[in-house]
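Beneath this line is the structure, given in structure tokens, with notes to follow.
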Amino acid sequence: MKDLPPERRDDFKRLEVFIYLIPVFGFLPAWWTLYRGEASAATRSACRLTVTLALIWLSGYILLGMSARSAEFPVLPLEIANSVWTTTYFLVNFGLMVRLWQRKPLWLPGFEKIGKRLP
């Protein structure tokens, strides 16, 4: 990839970030990139955002699922909340993909401080 012209390298980097933003499945490549620590600052920032979103979604998904299983009251509202939570996660990732496609910075309010705590 080093022998490619700069505009092609940018396209490959954008494609790499698109892969990180795939809901659920992009978590592992993003985490691995953060673990290795060999990426550019922009790529690390996108990986931090992806990992943060995935972990927040997963914790909410598990908590809502456990609440629905152990609830003594009607379960349907919790199941609806769980589906809305998952849909929101997918839509946020899709929105970030659209921003990346438009060559805008990947940014969500409130996630900068959370993501900077990751390596």
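The end of the sequence shown is residue 1599 by this note's numbering, with every number in the run present.
No residue lacks a Cβ here, since even glycine has one placed at the ideal position from N, Cα and C.
Presumed contact (8 Å Cβ cut-off) between Asn1573 and Gly1545, rounded CB distance: Counting from 1 along the sequence shown, the entry for residue 1573 is found at position 93. Counting from 1 along the sequence shown, the entry for residue 1545 is found at position 65. With a Cβ gap of about 20 Å, Asn1573 and Gly1545 do not count as contacting.
Among Ser1520, Arg1579 and Pro1503, which has the Cα closest to the Cα of Leu1535? Taking the first residue of the sequence shown as 1, we reach residue 1535 at position 55. Leu1535 has its Cα closest to that of Pro1503, out of Ser1520, Arg1579 and Pro1503.
Straight-line Cα distance separating Asp1491 from Lys1578: Here residue 1578 is taken as the residue at index 98 of the sequence shown, counted from 1. Here residue 1491 is taken as the residue at index 11 of the sequence shown, counted from 1. Just to set this straight, residue 1578 is Val in the shown sequence, not Lys. So the two alpha carbons sit approximately 15 Å from each other.
Along the alpha helix (DSSP H) that carries Ala1534, what are the first and last residues, could you check? Translated into the one-based positions of the sequence shown, residue 1534 becomes position 54. From DSSP, the alpha helix (DSSP H) with Ala1534 extends over Ala1521 to Ser1550.
Extent of the continuous alpha helix (DSSP H) to which Trp1511 belongs: Within the sequence shown, residue 1511 is the residue found at index 31, counting from 1. For Trp1511, the uninterrupted alpha helix (DSSP H) run begins and ends at Phe1507 to Arg1516, by DSSP.
Closest by CA to Leu1529, which one among Arg1549, Val1555 and Gly1506? Within the sequence shown, residue 1529 is the residue found at index 49, counting from 1. For Leu1529, the closest C-alpha among the options Arg1549, Val1555 and Gly1506 is that of Gly1506.
Can you tell me whether Ile1586 is buried or exposed? The criterion is at least 16 other CB atoms within 10 Å of its CB, across all chains shown. Stepping through the sequence shown from its first residue, residue 1586 is reached at position 106. For clarity, residue 1586 is Leu in the given sequence; the question names Ile instead. The residue is buried, with at least 16 neighbouring Cβ atoms inside 10 Å.
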